[in-house]
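Everything below concerns the one structure shown next.
Number of protein chains: 2
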Amino acid sequence: MDSLNNGWFSELQADLWPGQSFSLKVKEVIHKEKSRFQDIQIVETETYGRCLILDGIIQCTARDEFSYQEMISFLPLCAHPNPKKVLIVGGGDGGVAREVECIRWKSTTVSSSCPSNISRRWPVFANEKLKLTIGDGFDYMKKHKNEFDVIITDSSDPIGPAVSLFQESYYELMKHALKEDGIVCSQGGSFWLDLDYIKKTMSGCKEHFAKVAYAVTSVPSYPCGHIGFVMGSLNKNQDFATPKLGKSEIDAIDLRYYSSEVHSAAFALPRWVQKHFYE
Amino acid sequence: MDSLNNGWFSELQADLWPGQSFSLKVKEVIHKEKSRFQDIQIVETETYGRCLILDGIIQCTARDEFSYQEMISFLPLCAHPNPKKVLIVGGGDGGVAREVECIRWKSTTVSSSCPSNISRRWPVFANEKLKLTIGDGFDYMKKHKNEFDVIITDSSDPIGPAVSLFQESYYELMKHALKEDGIVCSQGGSFWLDLDYIKKTMSGCKEHFAKVAYAVTSVPSYPCGHIGFVMGSLNKNQDFATPKLGKSEIDAIDLRYYSSEVHSAAFALPRWVQKHFYE
Numbered sequence: 001m002d003s004l005n006n007g008w009f010s011e012l013q014a015d016l017w018p019g020q021s022f023s024l025k026v027k028e029v030i031h032k033e034k035s036r037f038q039d040i041q042i043v044e045t046e047t048y049g050r051c052l053i054l055d056g057i058i059q060c061t062a063r064d065e066f067s068y069q070e071m072i073s074f075l076p077l078c079a080h081p082n083p084k085k086v087l088i089v090g091g092g093d094g095g096v097a098r099e100v101e102c103i104r105w106k107s108t109t110v111s112s113s114c115p116s117n118i119s120r121r122w123p124v125f126a127n128e129k130l131k132l133t134i135g136d137g138f139d140y141m142k143k144h145k146n147e148f149d150v151i152i153t154d155s156s157d158p159i160g161p162a163v164s165l166f167q168e169s170y171y172e173l174m175k176h177a178l179k180e181d182g183i184v185c186s187q188g189g190s191f192w193l194d195l196d197y198i199k200k201t202m203s204g205c206k207e208h209f210a211k212v213a214y215a216v217t218s219v220p221s222y223p224c225g226h227i228g229f230v231m232g233s234l235n236k237n238q239d240f241a242t243p244k245l246g247k248s249e250i251d252a253i254d255l256r257y258y259s260s261e262v263h264s265a266a267f268a269l270p271r272w273v274q275k276h277f278y279e
Numbered sequence: 001m002d003s004l005n006n007g008w009f010s011e012l013q014a015d016l017w018p019g020q021s022f023s024l025k026v027k028e029v030i031h032k033e034k035s036r037f038q039d040i041q042i043v044e045t046e047t048y049g050r051c052l053i054l055d056g057i058i059q060c061t062a063r064d065e066f067s068y069q070e071m072i073s074f075l076p077l078c079a080h081p082n083p084k085k086v087l088i089v090g091g092g093d094g095g096v097a098r099e100v101e102c103i104r105w106k107s108t109t110v111s112s113s114c115p116s117n118i119s120r121r122w123p124v125f126a127n128e129k130l131k132l133t134i135g136d137g138f139d140y141m142k143k144h145k146n147e148f149d150v151i152i153t154d155s156s157d158p159i160g161p162a163v164s165l166f167q168e169s170y171y172e173l174m175k176h177a178l179k180e181d182g183i184v185c186s187q188g189g190s191f192w193l194d195l196d197y198i199k200k201t202m203s204g205c206k207e208h209f210a211k212v213a214y215a216v217t218s219v220p221s222y223p224c225g226h227i228g229f230v231m232g233s234l235n236k237n238q239d240f241a242t243p244k245l246g247k248s249e250i251d252a253i254d255l256r257y258y259s260s261e262v263h264s265a266a267f268a269l270p271r272w273v274q275k276h277f278y279e
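If you're matching them up, the sequences are chains S and U in order. Numbering of the first sequence is given in our numbering, commencing with residue 1 and proceeding in unit increments. Numbering of the second sequence is given in our numbering, commencing with residue 1 and proceeding in unit increments.
Shown next as structure tokens:
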């Protein structure tokens, strides 16, 4: 199988998910370029709508992106008692900014190291409460101390440029950019694919955060059909699984995937995963 | 893409999941035959272990089958106050019988219409509490009235021989084979693929059962990486999401996937699915 063969795009990654591959039927290749950082493809698929592919890995499709975007945004936002200032690292497709915007937090700052020619096309970036920075997330955080309530890291997988976002030093940096009781939430991979890598990321987080958890959501176009999030809180009494925002307030936001029940259920892990992470 | 091409098996079903395909790298084709009912393949895969494929659709792989088998078995068994006699329709791979056996219910009856030359190889079928019948599940149930506490339907997808197991008439038949307060649990498809078909199955169930619910579990080798279960109870006060068996009793069974928390979380559906099914 090739990555684009007879009208199908196949996601082949022998290092990250050996022996398995997800394929989407492609109607049209919309855009193809090699940037300084990544190989970029945008394709129109037959049944998943438009799809962004970076370095041969599906980043999001129109059909199922709301599951990932809502969950990586609302899990930390609703676990924090009063999130006023939010930093999004990565998130160049604009989906997380759209979700954070939709509950109208007083101020939102986005730092993105993603190619600006894609991300600027999203209308969410025109919101004046949002500050878009094209640059290095590490450098940005070094210059902003004790400033954010929530930091969301919407990164690609831990291969190539994104590796550093899964390491202990990154959690240390986020801690210093956070206010008291701040919460972080990062794309954290699949428990079916690499339990030990997730545990290592959680251990790195635990070095700097009082409470650490892993939650999961269903996304058909991601490897193994789901994706997890590593969360850390500076509040030692943090209860991640119980949203701080009331059920009726959450319902009023009118989301497609996220609800109070979905929030709590996301932390219920299969018994063998639960034991591996927490015992 | 062909179904077996350059050492990869690809699951192509233009009717059931158009425009998408999951592939597994195959080390060796162990068995291949065309029975009176189905096309049967058993392959050894590179990273998912041994895999059973019927009519080009993955039925189970050694790596992730425990999620499906434990959930389709323990969701109904633990939702029932005292399950003594269990009927498994389908389940020819023996996985469900293995799970039902592992909590040592007083009596278990299996009716299977699957090819006997595969299913008989599993040691669980030697258990004397288990009665194996090779035949038609419909005929079997017609002859057994008010007999079972739980009926588990471990079927293939609603295409070909399994279509009838998703219809209202099947729920009617199950109701008559059940004792008072009996519970049924059937393979019910993915909410990402066909919300309306699941809703139709649930409506068929609702014609004969006082309470109906849909739950879900993560299975990477199934389309969209998960699978759902349609459950019905003759008890009008049934609370599906709260297991009747205590947390410590469930923990003592020592399962890999299922736990009290996983049981409850399985019923928390994405907001748009919840609204579609229950509002």
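A virtual CB, placed ideally from N, CA and C, is assigned to each residue, including glycine.
What are the start and end residues of the beta strand (DSSP E) that includes residue i?
i: Ser-23/S; result: 20-34
i: Trp-294/U; result: As displayed, chain U neither begins before 1 nor continues past 279, which places residue 294/U out of reach and without an answer.
i: Ser-10/S; result: 8-11
i: Gly-246/S; result: Gly-246/S -> no beta strand (DSSP E), and no H or E assigned at all.
i: Asp-39/U; result: 39-45
i: Ser-264/S; result: Element bounds for Ser-264/S: not the beta strand (DSSP E) but the alpha helix (DSSP H), 260-265.
i: Leu-130/U; result: 130-134
Check the Cβ of residue i against every Cβ in chain U and list those closer than 8 Å, keeping chain order.
i: Val-96/S; result: The contacting residues do not exist; Val-96/S stays about 18 Å from chain U at best.
i: Phe-22/S; result: Gln-20, Ser-21, Phe-22 and Ser-23
i: Val-262/S; result: Ala-268, Leu-269, Pro-270 and Arg-271
I need the straight-line Cα distance from residue i to residue j, nearest angstrom please.
i: Phe-166/S; j: Ala-241/S; result: 22 Å
i: Phe-148/U; j: Lys-199/U; result: 26 Å
i: Glu-180/S; j: Arg-271/S; result: 33 Å
i: Pro-243/U; j: Ile-134/S; result: 50 Å
i: Leu-245/U; j: Asp-136/S; result: 52 Å
i: Lys-34/S; j: Asp-55/S; result: 9 Å
i: Tyr-258/U; j: Phe-22/S; result: 26 Å
i: Pro-81/U; j: Ala-268/U; result: 22 Å
i: Val-163/S; j: Ser-233/S; result: 22 Å
i: Met-231/S; j: Lys-85/U; result: 44 Å
i: Asp-2/U; j: Thr-201/S; result: Confidence in Asp-2/U is poor, its pLDDT being 47 and thus under 50, which makes the residue's placement too unreliable to answer from.
i: Trp-192/S; j: Lys-143/U; result: 43 Å
i: Cys-60/S; j: Ser-218/U; result: 20 Å
i: Leu-4/S; j: Gly-92/U; result: 37 Å
i: Tyr-171/S; j: Glu-65/S; result: 26 Å
i: Gly-95/S; j: Thr-153/S; result: 12 Å
i: Ser-156/U; j: Leu-75/S; result: 35 Å
i: Ser-190/U; j: Ile-57/U; result: 14 Å
i: Leu-24/U; j: Ser-260/S; result: 36 Å
i: Asp-196/S; j: Val-273/S; result: 10 Å
i: Leu-132/U; j: Ala-97/U; result: 10 Å
i: Tyr-68/U; j: Ile-227/U; result: 8 Å
Listing by chain order, which chain S residues have their CB less than 8 Å from the CB of residue i?
i: Leu-255/U; result: Arg-271
i: Thr-201/U; result: Result: empty, since nearest Cβ-Cβ is about 20 Å, beyond 8 Å.
i: Ser-67/U; result: Pro-270
Strictly below 9 Å CB to CB, what residues from chain U border residue i?
i: Tyr-64/S; result: Here the sequence assigns Asp to residue 64/S, which means Tyr is not the residue at that position. Per Cβ cutoff of 9 Å: Trp-192 and Cys-224.
i: Ser-259/S; result: Ala-268, Leu-269, Pro-270, Arg-271 and Gln-274
For the alpha helix (DSSP H) holding residue i, just list the boundary residues, first then last.
i: Tyr-214/S; result: Careful: Tyr-214/S lies outside any alpha helix (DSSP H), inside the beta strand (DSSP E) at 211-218.
i: Trp-272/U; result: 271-278
i: Phe-74/S; result: 65-79
i: Phe-148/S; result: No alpha helix (DSSP H) contains Phe-148/S, which is instead part of the beta strand (DSSP E) from 148-154.
i: Leu-87/U; result: First-last for Leu-87/U: 85-90, but that is the beta strand (DSSP E), not the alpha helix (DSSP H).
i: Phe-138/U; result: 137-142
i: Ser-169/U; result: 168-177
Whose CA, out of the options, lies closest to the CA of residue i?
i: Val-89/S; options: Ile-253/S, Cys-78/S and Ile-151/S; result: Ile-151/S
i: Arg-36/S; options: Asp-64/S, Gly-160/S, Ser-218/S and Asn-237/S; result: Gly-160/S
i: Phe-209/U; options: Asn-237/U, Leu-195/U, Ser-218/U and Lys-247/U; result: Asn-237/U
i: Phe-229/U; options: Asp-239/U, Ala-215/U and Ile-183/U; result: Ala-215/U
i: Glu-249/S; options: Gly-95/S, Cys-78/S, Thr-47/S and Tyr-68/S; result: Cys-78/S
i: Asp-239/S; options: Leu-24/S, Ile-183/S and Leu-178/S; result: Ile-183/S
i: His-176/S; options: Val-100/S, Ala-266/S and Tyr-140/S; result: Tyr-140/S
i: Glu-207/U; options: Ser-73/U, Gly-7/U and Leu-173/U; result: Leu-173/U
i: Phe-138/S; options: Glu-168/S, Asn-127/S and Val-26/S; result: Glu-168/S
Identify the contact partners of residue i in chain S, using a Cβ-Cβ distance below 7 Å as the criterion.
i: Ala-213/U; result: Here the premise fails: no neighbours, minimum Cβ distance about 13 Å.
i: Pro-220/U; result: Trp-192, Cys-224 and Gly-225
Whose Cβ in chain S lies nearer than 9 Å to the Cβ of residue i?
i: Glu-249/U; result: Per Cβ cutoff of 9 Å: no residues; Glu-249/U is ~14 Å from chain S at best.
i: Glu-46/U; result: Pro-18, Gly-19 and Gln-20
Show which residues of chain U have a CB atom less than 7 Å away from the CB atom of residue i.
i: Ser-169/S; result: Correct list: empty, because the minimum Cβ distance to chain U is about 31 Å.
i: Ala-265/S; result: Ala-265 and Ala-268
Does any CB atom of chain C fall closer than 8 Å to the CB of residue i?
i: Ser-156/U; result: Absent from the structure: chain C. Protein chains present are S and U.
Are there any heavy atoms of the ligand ADP lying less than 7 Å away from the beta-carbon of residue i, as far as the coordinates show?
i: Val-96/S; result: Looking at this structure, you won't find the ligand ADP or any other ligand, since it has none at all.
Discussion item. Three or more C-beta pairs under 8 Å: does that hold for the region 12-29 of chain U against the region 214-227 of chain U?
Written reply: yes
Item to complete: Say whether the region 49-64 of chain S touches the region 29-41 of chain S, bearing in mind that this needs 3 or more beta-carbon pairs closer than 8 Å, one atom from each stretch.
Response: Touching, yes.
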